[in-house]
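J.: Residue 587 in this note's numbering sits at position 360 of the sequence shown; the count goes up by one each step and never skips.
Even for Gly, the Cβ is constructed at its ideal location relative to N, Cα and C.
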Amino acid sequence: MPPEDGAGDGCVGVKVDVPGTTRDVSELAELDLVHEHVSSAELDYSLGQLLPPTQLGGLSGAAGLLQAAVTQGQRIVVVGDFDADGATSCALCLRALRVMGATDVHYLVPNRFEYGYGLTPEIVAVAARLQPDLVVTVDNGISSIAGVAAARQLGMRVLVTDHHLPAEQLPEADAIVNPNLPGDTFPSKSLAGVGVAFYVMLALRARLREQGWFAEQQLPEPNLAQFLDLVALGTVADVVPLDHNHRVLVQQGLQRMRAGHCVPGIRALLEASGRNLSSCVATDLGFAVGPRLNAAGRLDDMSVGIECLLTDDPAVAREMATQLDALNRDRREIESDMQAQAMQAIAALDLDEDRLPVGLCLFDPDWHQGVIGILAARIKENFHRPVVAFARSSAGELKGSARSVPGLHIRDALDAVATRHPGLVGRFGGHAMAAGLTLAEDDYPAFAQAFDAEVARHLSRDDLSTVIYSDVELAESELSLDTAQLLRDASPWGQAFPEPVFEGNFDVLSHYVVGQRHMKMMVRPLGGEHEIDAIAFNTPELPEPCRQLHMAYRLDVNEYRGRISAQLIIEYIGTPRLVAPA
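1. In whole angstroms, what separates the C-alpha of E756 from that of D716?
2. Compute the beta-carbon to beta-carbon distance between I303 and L346, rounded to the nearest angstrom, for a pair I have assumed lies under 8 Å.
3. Report the residue from M570, S687, D527, F724 whose alpha carbon sits nearest the alpha carbon of F340.
4. What is the DSSP secondary structure of E771, reduced to helix, strand or coil?
5. Applying the 10 Å Cβ sphere with the 16-neighbour rule, what's the burial state of D669?
6. Can you say whether N194 is buried or exposed, counting buried as having 16 or more other CB atoms within 10 angstroms of its CB?
7. If distances are taken between C-alpha atoms only, which option among L583, S370, L381, T549 comes closest to L408?
8. Candidates E608, Y272, G501: which alpha carbon is nearest V694's?
9. Can you tell me whether D540 is buried or exposed? The criterion is at least 16 other CB atoms within 10 Å of its CB, across all chains shown.
10. Is the separation between the beta-carbon of P656 and that of H391 shorter than 8 Å?
11. Apart from the five residues on each side of it in sequence, which residues of its chain come closer than 8 Å, Cβ to Cβ, to F729?
12. Measuring straight from C-alpha to C-alpha, what distance separates V332 and I762?
13. Just the C-alpha distance for R485 and I493, rounded to the nearest angstrom, thanks.
14. Here's a check: name, in chain order, each residue in its chain whose Cβ is nearer than 6 Å to the Cβ of H595, leaving out the five neighbours to either side.
15. Give me whichever residues DSSP pairs with A373 in a beta bridge.
16. Please state whether the Cβ-Cβ distance between L335 and V375 is less than 8 Å.
17. Assuming the contact rule is C-beta atoms closer than 8 Å, P817 and R744 should be a hit. Round their C-beta distance to whole Å, please.
18. What are the boundary residues of the alpha helix (DSSP H) that M484 is part of?
19. Which word fits I800, buried or exposed, when buried means at least 16 other C-beta atoms lie within 10 angstroms of its C-beta?
20. Could you check whether G501 and V404 sit closer than 8 Å to each other, using their CB atoms as the reference points?
21. What is the rounded straight-line gap between the Cα of I791 and the Cα of T710?
22. If you measure between the beta carbons of V490 and L536, is that distance less than 8 Å?
23. According to DSSP, is Y426 helix, strand or coil?
24. Considering K747, what are the terminal residues of the alpha helix (DSSP H) in which it resides?
25. With distance defined between alpha-carbon atoms, name the residue in A574, A643, A662 nearest to V615.
26. Is the beta carbon of D389 sitting closer than 8 Å to the one on G420?
27. Quick one: any contact between the stretch 512 to 528 and the stretch 555 to 572, if contact means 3 or more CB pairs under 8 Å?
28. Would you call the CB atoms of G291 and V365 closer than 8 Å?
29. Measuring straight from C-alpha to C-alpha, what distance separates I573 and L583?
30. Taking the alpha helix (DSSP H) that L578 falls in, what are its first and last residues?
31. Flag this pair as yes or no: are the beta carbons of P719 and L455 separated by less than 8 Å?
32. Please classify N450: is it buried, with 16 or more other beta-carbons within 10 angstroms of its beta-carbon, or exposed?
33. Which whole runs of the beta strand (DSSP E) in the stretch 375 to 427 are 3 residues long or more, in chain order?
34. Report the CB separation of P613 from S628 in whole angstroms; it is logged as a contact under 8 Å.
35. Which residue marks the beginning of the beta strand (DSSP E) containing L795, and which one marks its end?
36. Taking its Cβ as the centre, do 16 or more other Cβ atoms sit within 10 Å of D681, making it buried, or is it exposed?
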């Protein structure tokens, strides 16, 4: 199955770094190929290795607010976000609060086309109709200064749980949990929104246990590990760096899924994407489940995705997964058209790649604002430079989605532009690699110029090329299902903890396009005897002549119609080259 959100073209502007070392493949069992700095303790993914909740600031205040709401039967309204991290955070909180005895729990998720992102005053007005005693934000809220103020003015208490980087001013909430708050010493700064929500629920359970709530109510004390499938999905889909704490959360969630212990919605979404629950890996969550869940928020209403994760009825889950799958197909078509238009616009500049802006801005009044994030990622992958893609969100206003490359903190870059040019940027926020902003349409040319200048302060032209680091050239005997399974068993791989990449020269025995844009090949190591399947996603053409190619690849397990085999997932394709000897 092809990758979707977050997957890139493996053969554009790429150079391969060849370390020139060959090591025995048995070292893969200890991850020595890619992560020589990783200790054996960091390979322990048992729940006992999870960072304790006591290290995360703000949990005491959060637990106190939630304890009062649960034990006093108060109305709780969870305000989510319209991406997979926000959807899983919302579903986790509702499920966890209910099994801990909360009897009056609801949720709201802003429609991005009506209310925009976060706890805005407008969404507070909608929440007020439910007359909540406590509003809990998940995966948002740290920049909701006006929204929090509006909620408190209406008599609501507010708990903000978020992981986005805060600005200098914080919302005046009753409690805030965010590992990125100034002075917070929690080691896992990249914790996803769903991870923050999970820690908040752990703190609440501990508080209720101390109070004797479960015994008093004759409730079984819940094992919150039952929600790690949601934590794993949201963490991987949000493409946060997989530090050790995240790998524990993701691996534990994946193990539960493989054993069949997951919400019906995740099972149904895996089935809708043709993935096998019993052997699912992190990439299945990131490239198959996550995009289908995100499609609801991009094109329609994320409440469809949240309801898919909340239902316990497998038939209802399958019906909703079918809806989400159809939305994802629509999203792919829209994205493809937008990408073609963007490439035409870049070509119309009549500039070679060395003369393109270092920080590239793109805008078309007809682009879909729910898809500009994916578009920015695709263009970034093609040209390896920070990109901001804009769409018209309302009369006179643009909404932008930014994606960055290593070496530039995109949220800080937007902050610098806003500081240097007061009044130019509207609202903005995000992470190191992804951010969002609003802009007056008339200010687009000035912003494009200011953004390029700011990026040029941090990145040189030499920084604008993709580097794929390979580990070794595998021997022909190592291109096997056993090795591929060994690599799979050593997962989870992901952002900041990449899967090993290998390289070598191959004879191309056959090749043809599948799915209109993916190159399927049968290859054989140069001078070798055994054939192996290979696929290059988003690569409809091969360089000529294509009889022999040098390729960088990942070795994966391919399951198709009951047949299991090794397969090369191609990251880079070039002409044959001399591989440095050991």
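T.: The structure says:
1. The residue you call residue 756 lines up with position 529 of the sequence shown. The residue you call residue 716 lines up with position 489 of the sequence shown. The alpha-carbon of E756 is positioned some 27 Å away from that of D716.
2. Counting from one through the sequence shown, the residue named residue 303 turns up at place 76. Counting from one through the sequence shown, the residue named residue 346 turns up at place 119. Here I303 is actually not in contact with L346; their C-beta atoms are around 14 Å apart, not less than 8 Å.
3. Along the sequence shown, read from residue 1 onward, the residue named residue 340 stands at position 113. Just measuring C-alpha positions, the residue of M570, S687, D527, F724 sitting nearest F340 is D527.
4. Your numbering for residue 771 matches position 544 in the sequence shown. Coil.
5. Along the sequence shown, one-based indexing puts residue 669 at 442. Looking at its Cβ environment, which holds fewer than 16 other Cβ atoms inside 10 Å, D669 is exposed.
6. With the chain covering 228 to 809 only, the question about residue 194 has no answer from this structure.
7. Working through the sequence shown from its first residue, we reach residue 408 at position 181. The residue with the shortest Cα to Cα distance from L408 is S370.
8. Locating residue 694 in the sequence shown gives position 467, where the first residue counts as 1. Of the listed residues, the one whose Cα sits closest to V694 is E608.
9. Position 313 of the sequence shown, counting from 1, holds the residue named residue 540. Its Cβ having fewer than 16 others within 10 Å, D540 is exposed.
10. Taking the sequence shown and counting its residues from 1, one reaches residue 656 at position 429. Taking the sequence shown and counting its residues from 1, one reaches residue 391 at position 164. Here residue 656 turns out to be Gly, not Pro, going by the sequence shown. Yes, these two residues count as a Cβ contact at 8 Å.
11. Within the sequence shown, numbered from 1, the residue matching residue 729 stands at position 502. For F729, the CB contacts under 8 Å within the same chain, skipping 5 residues up- and downstream, are S697, D698, V699, E700, L701, A779, Y780, R781, L782 in chain order.
12. For the purposes of this step, residue 332 is taken as residue 105 along the sequence shown, with counting starting at 1. For the purposes of this step, residue 762 is taken as residue 535 along the sequence shown, with counting starting at 1. Each residue's Cα considered, the two are about 47 Å apart.
13. By 1-based counting over the sequence shown, the position of residue 485 is 258. By 1-based counting over the sequence shown, the position of residue 493 is 266. C-alpha separation (whole angstroms): 11 Å.
14. Taking the first residue of the sequence shown as position 1, residue 595 is located at position 368. I561.
15. As a position in the sequence shown, residue 373 is number 146, starting the count at 1. Its beta-bridge partners do not exist; DSSP assigns none.
16. In the sequence shown, residue 335 corresponds to position 108, counting from 1. In the sequence shown, residue 375 corresponds to position 148, counting from 1. Not closer than 8 Å, so no.
17. What the structure shows of the chain is the stretch from 228 to 809, and residue 817 is not part of that stretch, so it cannot be assessed.
18. In the sequence shown, counting from the first residue as 1, residue 484 sits at position 257. M484: member of the alpha helix (DSSP H) spanning 471 to 485, first to last residue.
19. As a first step, residue 800 must be located in the sequence shown, where it is residue number 573. With 16 or more other CB atoms across the displayed protein chains lying within 10 angstroms of its CB, I800 is buried.
20. Mapped onto the sequence shown, residue 404 falls at position 177. Mapped onto the sequence shown, residue 501 falls at position 274. In this structure, G501 does not lie closer than 8 Å to V404 by Cβ.
21. Here residue 791 refers to the residue found at position 564 when the sequence shown is read from its first residue. Here residue 710 refers to the residue found at position 483 when the sequence shown is read from its first residue. Roughly 13 Å between the two C-alpha positions.
22. If you number the sequence shown from 1, residue 490 lands on position 263. If you number the sequence shown from 1, residue 536 lands on position 309. Yes, these two residues count as a Cβ contact at 8 Å.
23. Translated into the one-based positions of the sequence shown, residue 426 becomes position 199. In this structure, Y426 counts as helix in the three-state DSSP scheme.
24. Within the sequence shown, residue 747 is the residue found at index 520, counting from 1. From DSSP, K747 is part of no alpha helix (DSSP H) but of the beta strand (DSSP E) over 745 to 752.
25. Taking the sequence shown and counting its residues from 1, the one referred to as residue 615 is at position 388. Among A574, A643, A662, the Cα nearest to that of V615 belongs to A662.
26. Your numbering for residue 389 matches position 162 in the sequence shown. Your numbering for residue 420 matches position 193 in the sequence shown. D389 is a Cβ neighbour of G420, given a cutoff of 8 Å.
27. Yes: the two stretches touch, three or more of their Cβ pairs being nearer than 8 Å.
28. Translated into positions along the sequence shown, residue 291 becomes position 64. Translated into positions along the sequence shown, residue 365 becomes position 138. Contact: no.
29. Here residue 573 is taken as the residue at index 346 of the sequence shown, counted from 1. Here residue 583 is taken as the residue at index 356 of the sequence shown, counted from 1. If you draw a straight line from the Cα of I573 to the Cα of L583, it is about 9 Å long.
30. Taking the sequence shown and counting its residues from 1, one reaches residue 578 at position 351. Premise fails: L578 is in no alpha helix (DSSP H) and is neither H nor E.
31. Here residue 719 refers to the residue found at position 492 when the sequence shown is read from its first residue. Here residue 455 refers to the residue found at position 228 when the sequence shown is read from its first residue. No, Cβ-Cβ distance for P719 and L455 is not below 8 Å.
32. Within the sequence shown, residue 450 is the residue found at index 223, counting from 1. Flag for N450 reads exposed.
33. List check, beta strand (DSSP E) in window: 384 to 388, 402 to 404.
34. What you label residue 613 is simply residue 386 of the sequence shown in a count that begins at 1. What you label residue 628 is simply residue 401 of the sequence shown in a count that begins at 1. Rounded, the Cβ-Cβ distance is 12 Å, inconsistent with contact.
35. Position 568 of the sequence shown holds residue 795. According to the DSSP assignment, L795 belongs to the beta strand (DSSP E) that extends over 790 to 801.
36. The count along the sequence shown starts at 1 and reaches residue 681 at position 454. Checking the displayed sequence, the identity of residue 681 turns out to be Glu instead of Asp. Sixteen is the threshold: when 16 or more other Cβ atoms of the shown chains lie within 10 Å of the Cβ of E681, as they do, the residue is buried.
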